[in-house]
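Contents: one structure, followed by commentary.
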Amino acid sequence: MDSNKIISFVGFIMVMVPFGMGLSGTLSGAPEIVVEEPEVAVTEPVAMGTPDYIAYPQMTVSIPQFDRKVAVGLSFMVDQGTPIAEGLWESIGNRDGRLDAVITQAIEEAGLQARDTQQLRRLIPTMVRHAVNLQVGTDEDPSPVREVLITSYAMQ
Numbered sequence: 249m250d251s252n253k254i255i256s257f258v259g260f261i262m263v264m265v266p267f268g269m270g271l272s273g274t275l276s277g278a279p280e281i282v283v284e285e286p287e288v289a290v291t292e293p294v295a296m297g298t299p300d301y302i303a304y305p306q307m308t309v310s311i312p313q314f315d316r317k318v319a320v321g322l323s324f325m326v327d328q329g330t331p332i333a334e335g336l337w338e339s340i341g342n343r344d345g346r347l348d349a350v351i352t353q354a355i356e357e358a359g360l361q362a363r364d365t366q367q368l369r370r371l372i373p374t375m376v377r378h379a380v381n382l383q384v385g386t387d388e389d390p391s392p393v394r395e396v397l398i399t400s401y402a403m404q
């Protein structure tokens, strides 16, 4: 037998013996499978009012992390007929600077947390909703804005 065949055979044995031992140990020591029935939580549906959509004018915010500006048009979904909806309509109609500042800061914070422009677009509604709820929420209704929708979006 030539030495190359012996070396190949010894190498094969050195690899396959530990592999075979590990495989047999894994297959022979299979744990007992216990099937548990999942608990089903029964919740009653929460009655929500009819939604009202409040359009917010487009605004442009600089995002220094991406060296760009983002122009965003938003729409807020609130329950129809709530006092918060009326106050929000008024502040948007009067171009209340506080709401502009809150939304601008929320978009800038989304820019700080985003790794790329796609993640920025996904973060903007969540961050703006949280910021606006902190601004216009009350003790009775701390989260009057149910959803923030992006109606227009452009990176410049």
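All you need for my numbering is the position in the sequence shown, starting with 1, plus 248. Note that the Cβ used here is the ideal one computed from N, Cα and C, for glycine as well.
Assign Ile281 to one of three DSSP states: helix, strand, or coil.
Looking up residue 281 in the sequence shown gives position 33. Coil at Ile281, not helix or strand.
Reduced DSSP category for Thr298 - H, G, I as helix; E, B as strand; rest coil
Your numbering for residue 298 matches position 50 in the sequence shown. Three-state result, Thr298: coil.
Okay, do the stretch 378–395 and the stretch 342–358 touch, 3+ Cβ pairs below 8 Å being the bar?
Judged by Cβ distances under 8 Å, the stretch 378–395 makes contact with the stretch 342–358, as three or more pairs qualify.
What first and last residue would you give for the beta strand (DSSP E) that runs through Asp364?
Locating residue 364 in the sequence shown gives position 116, counting from the first residue. Asp364 -> no beta strand (DSSP E), and no H or E assigned at all.
Taking the continuous alpha helix (DSSP H) assigned at Thr274, which residues delimit it?
As a position in the sequence shown, residue 274 is number 26, starting the count at 1. Note, Thr274: alpha helix (DSSP H), Ser251 to Ser276.
Check whether the Cβ atoms of Tyr301 and Met325 sit closer than 7 Å, and answer yes or no.
Along the sequence shown, read from residue 1 onward, the residue named residue 301 stands at position 53. Along the sequence shown, read from residue 1 onward, the residue named residue 325 stands at position 77. Taking 7 Å as the Cβ cut-off, Tyr301 and Met325 qualify as a contacting pair.
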